[in-house]
Amino acid sequence: MEQKMTLVEAIAKRQSVRDYDMTALSNAEIQQLTDYAAQIEPLFPGKQIKVRIITPDNVKAIRGWRAPHYFAIYAGEDDASLVNVGYVYQQLTVYLTALGLGTCWANSVSPKDSKELDGLKWVATIAFGKEKNGQAWRNDPAQIKRKDMGAISDQNDTKLEPARIAPSAMNNQPWYFTHENGKIHAYCVVQGFMKKWMTAMNRIDMGIALANLKISSDNFEFEAQKNPVPVKGYTYIGTVTM
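Following the working numbering, the numbering of the sequence shown begins with 8 at its first residue and continues without gaps.
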């Protein structure tokens, strides 16, 4: 499969696709995707991620829509592992968009057969395949509904635009960024008691936003500092230079 756009273009054009042509991709096409995912370096080394590609007959879906393929992703349940999941697999979904394929982070879809793999727990599912009507991307990035820059950053920083428009579970947009001496600190919202169940998804969302920054910058670097400046209502994830 050949790319139809650059990865940077695909960040803004990607949308969640729920209407798929149920024709399966070829083995060669699947191999191309798994090879691409295998070469993506995680943010936090040493945190293992495993993935299975499963078919529609092996998923349990709360909603009725179906896709020809799903990535079932397994990882640890600690913060670093969950951030890694979002970071690695958002880069893959952007690549799929650039190839003209549809994707959807499908929180309502889980594997039927096993919620564990080699000691790791199932944490996320991504549906993917050819979009039924032939176009998997949005024509007008202005359609993206997100918070204003002032709500997610202490500065009006255009470098953060790819993170601002990143997808998130229930469009919760849990990220906040602060600037210090040329570095950008990334924080994730701390959920109250009624929304504690969203905490794991929020960590994955942080990885998704950081993946968009990685794709859009030639000089992206990430580190976890020991004593970041605290931000009320948020927990520190890591520090970026771009």
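Just so you know, even glycine gets a beta-carbon here, dropped at the ideal spot from N, CA and C.
The structure presented is a predicted model; accordingly, all values stated were derived computationally and were not measured.
Residue(s) in a DSSP beta bridge with residue i
i	result
Thr246	His192 and Glu230
Ile133	Phe78 and Trp112
Ser23	Thr110
Thr185	His192
Pro127	Rather than Pro, the amino acid found at residue 127 in this sequence is Leu. Its beta-bridge partners are Leu124.
Ser117	Lys67
Tyr241	Val196
Glu138	Tyr27
Residue i, enclosing beta strand (DSSP E) - first and last residue
i	result
Val197	Counting along the chain, Val197 falls outside any beta strand (DSSP E), and DSSP gives it neither H nor E.
Reference residue i, options the options, closest by Cα
i	options	result
Val90	Glu48, Asp225 and Ala17	Glu48
Ala87	Val238, Thr206 and Ser23	Thr206
Leu108	Lys233, Lys20 and Asp212	Lys20
Ala45	Lys57, Gln150, Lys128 and Lys233	Lys57
Thr110	Val236, Lys54, Asp28 and Pro52	Asp28
Asn209	Gln180, Ala173 and Asn226	Gln180
Thr185	Ile222, Cys195 and Ala68	Cys195
Ser115	Glu230, Leu106, Gly126 and Val130	Val130
Gly240	Gln39, Met8, Trp182 and Ser175	Trp182
Leu40	Ile191, Gly189, Tyr77 and Asp225	Tyr77
Val197	Thr242, Ala134 and Glu228	Thr242
Leu191	Leu217, Lys119 and Ala176	Here residue 191 is Ile; the residue named in the question, Leu, does not match the sequence. Checking every option, the nearest Cα to that of Ile191 belongs to Leu217.
Ser121	Gly141, Thr165, Glu36 and Val66	Val66
Asn226	Met249, Pro237, Gly214 and Asp212	Met249
Extent of the continuous alpha helix (DSSP H) run through residue i
i	result
Ile159	Met156 to Ile159
Thr206	Thr206 to Ser223
Arg171	Glu168 to Arg171
Cβ-Cβ distance between residue i and residue j below 9 Å
i	j	result
Gly193	Gly245	Note on residue identity: the sequence assigns Ala, not Gly, to residue 193. A contact, by the Cβ cut-off of 9 Å.
Ile18	Asn219	yes
Leu124	Arg59	yes
Leu50	Tyr94	yes
Ser23	Pro174	yes
Ser74	Lys54	Per the sequence shown, residue 74 should be read as Ala rather than Ser. No; because the gap between Cβ atoms is not below 9 Å, this pair is not in contact.
Ile215	Trp112	yes
Leu32	Gly141	no
Notebook entry, point to check: Unbroken alpha helix (DSSP H) runs of length 4 or more, entirely within the stretch 25-99: which are they?
Noted result: 34-45
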